[in-house]
Amino acid sequence: MKLPAFQALLDTYGRDVHRFLVASLGPVEADDAYQETWLAALRAYPRLRDASNLRSWILTVAHRKAIDSTRARGARAVPVEDLPERVTPVEPLPDEGLWGEVRRLPPKQRTALALRYVADAGYGEISAVMGTSEEAARRNVHEALKRLRTEYTP
Amino acid sequence: MSDDDRLGSALRAAAQRESPYLPDVSRAAARAGLLDVAYATLDSPVGTLLLARTPRGLVRLAYIDGAEDAVLEDLALRISPRVLAAPDELDQSRRELDEYFAGRRTRFGIPLDWRLTRGFAQRVLQATARIPYGSVSSYKLVAGEAGSPRGSRAAGNALGRNPLPIVVPCHRVLQADGGLGGYTGGVERKRQLLSVEGAPV
Numbered sequence: 001m002k003l004p005a006f007q008a009l010l011d012t013y014g015r016d017v018h019r020f021l022v023a024s025l026g027p028v029e030a031d032d033a034y035q036e037t038w039l040a041a042l043r044a045y046p047r048l049r050d051a052s053n054l055r056s057w058i059l060t061v062a063h064r065k066a067i068d069s070t071r072a073r074g075a076r077a078v079p080v081e082d083l084p085e086r087v088t089p090v091e092p093l094p095d096e097g098l099w100g101e102v103r104r105l106p107p108k109q110r111t112a113l114a115l116r117y118v119a120d121a122g123y124g125e126i127s128a129v130m131g132t133s134e135e136a137a138r139r140n141v142h143e144a145l146k147r148l149r150t151e152y153t154p
Numbered sequence: 155m156s157d158d159d160r161l162g163s164a165l166r167a168a169a170q171r172e173s174p175y176l177p178d179v180s181r182a183a184a185r186a187g188l189l190d191v192a193y194a195t196l197d198s199p200v201g202t203l204l205l206a207r208t209p210r211g212l213v214r215l216a217y218i219d220g221a222e223d224a225v226l227e228d229l230a231l232r233i234s235p236r237v238l239a240a241p242d243e244l245d246q247s248r249r250e251l252d253e254y255f256a257g258r259r260t261r262f263g264i265p266l267d268w269r270l271t272r273g274f275a276q277r278v279l280q281a282t283a284r285i286p287y288g289s290v291s292s293y294k295l296v297a298g299e300a301g302s303p304r305g306s307r308a309a310g311n312a313l314g315r316n317p318l319p320i321v322v323p324c325h326r327v328l329q330a331d332g333g334l335g336g337y338t339g340g341v342e343r344k345r346q347l348l349s350v351e352g353a354p355v
């Protein structure tokens, strides 16, 4: 199997992967997930059988790392019912903005939207990365946009 | 423009703003033992050089001449596709080469990984590595040292494919009549390197 030097993947897709993870997880967790994504990819790379779509492959790895990171966060978090009710609404982080809203979407919608608008993925690629049907990919993006329109006014 | 398009554009624009820098990967890869080939480039008086090393040592030094991708592809194919830019990993090599070009170093201390050579070619290159700084030898002599006194032509071929020029000083090998002979990176570079060393040419 003739594979390109790994640095070529990093140069070509690094920014897309990072943006996708920032959109999915927020800037703080994204950095760790980014390193974990590339280390996992590096580990598996020499055994890769099909190099015809390296972008979808690396986005799939990133998607899995985002899920791991979300689960780890869930395991750390204190159950919601034990918290006193908030009196003031949560202040958004300084550069939260629109992607801050995106991060409050249900996970599948959020991922699909990030792939569509951050990584410029088509529905075929979104379905491949998320392991869903193309129809489901379309629906996730559509639902996400619908929800965002009601909750976000630029 | 539909609402979805407008929202899409806003999402794209917001995403562009989010990644001012990318976290480091090569150091983490080195720590995890996943960095099979680390490389860096170095500007030198003989042009931009690409240096690559494995955990064993320096494995490749190349005159880039605009063909960096081809050098990396070749390393990916012949050693491992886990090839990453990792300047830290080549600190010692870069420093020693800088010193060499400044005339302050006459021997290299970096360990070498000979895996891109074998057989007679490797013996020729190892004989070449023993030619002292500032002196010259001939194709015939290094062929003899490699065990084939009549193998001048084969020795010339081996030197022409030297994966570690400068450090394995194939520029110190001249024709028996004192002519410069050929050189991997062009004969002008051979002349320059010999002049750095003050060799009698």
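One line per chain: the protein sequences are A and B, in this order. Residues in the first sequence are numbered from 1 upward in steps of one, following the numbering used here. Residues in the second sequence are numbered from 155 upward in steps of one, following the numbering used here. Every residue, glycine too, gets a C-beta built ideally from N, C-alpha and C.
Open item on the list: With a threshold of 7 Å between beta carbons, is L328/B in contact with chain A?
Closed with: no
Open item on the list: For the pair the segment 134-149 of chain A and the segment 62-73 of chain A, tell me if three or more CB-CB distances fall below 8 Å.
Closed with: no
Open item on the list: Can you confirm whether D219/B, when its beta carbon is compared against all beta carbons of chain A, has any partner nearer than 7 Å?
Closed with: no
Open item on the list: Taking only three categories from DSSP, how would you classify T208/B?
Closed with: strand
Open item on the list: Rounded to whole angstroms, what is the Cα-Cα separation between L54/A and P27/A?
Closed with: 24 Å
Open item on the list: Rounded to whole angstroms, what is the Cα-Cα separation between L93/A and D158/B?
Closed with: Residue placement at L93/A is poorly supported in this model, since its pLDDT is 45, which falls under 50; the coordinates still yield a value, given next. Straight-line Cα distance between these residues: approximately 25 Å.
- [ ] Count the C-beta pairs between the segment 43-54 of chain A and the segment 102-120 of chain A that are closer than 8 Å, then say yes if the count reaches three, no if not.
- [x] no
Task: Given A330/B as reference, the closest of K294/B, E227/B, R345/B once Cα atoms are compared - done: K294/B
Task: One or two residues paired with T195/B in a DSSP bridge - done: L204/B
- [ ] Would you check if the distance between the CB atom of A30/A and the CB atom of V61/A is smaller than 7 Å?
- [x] no
Open item on the list: Excluding the 5 residues flanking A230/B on each side, which residues of the same chain have their C-beta closer than 7 Å to its C-beta?
Closed with: V237
TODO: Measure the CB-CB distance between S292/B and I285/B and report whether it falls below 7 Å.
DONE: no
- [ ] Reducing DSSP to helix, strand and coil, say where D11/A ends up.
- [x] helix
- [ ] Name, going along the chain, the residues of the segment 276-301 of chain B whose beta-carbon falls closer than 8 Å to a beta-carbon of chain A.
- [x] none
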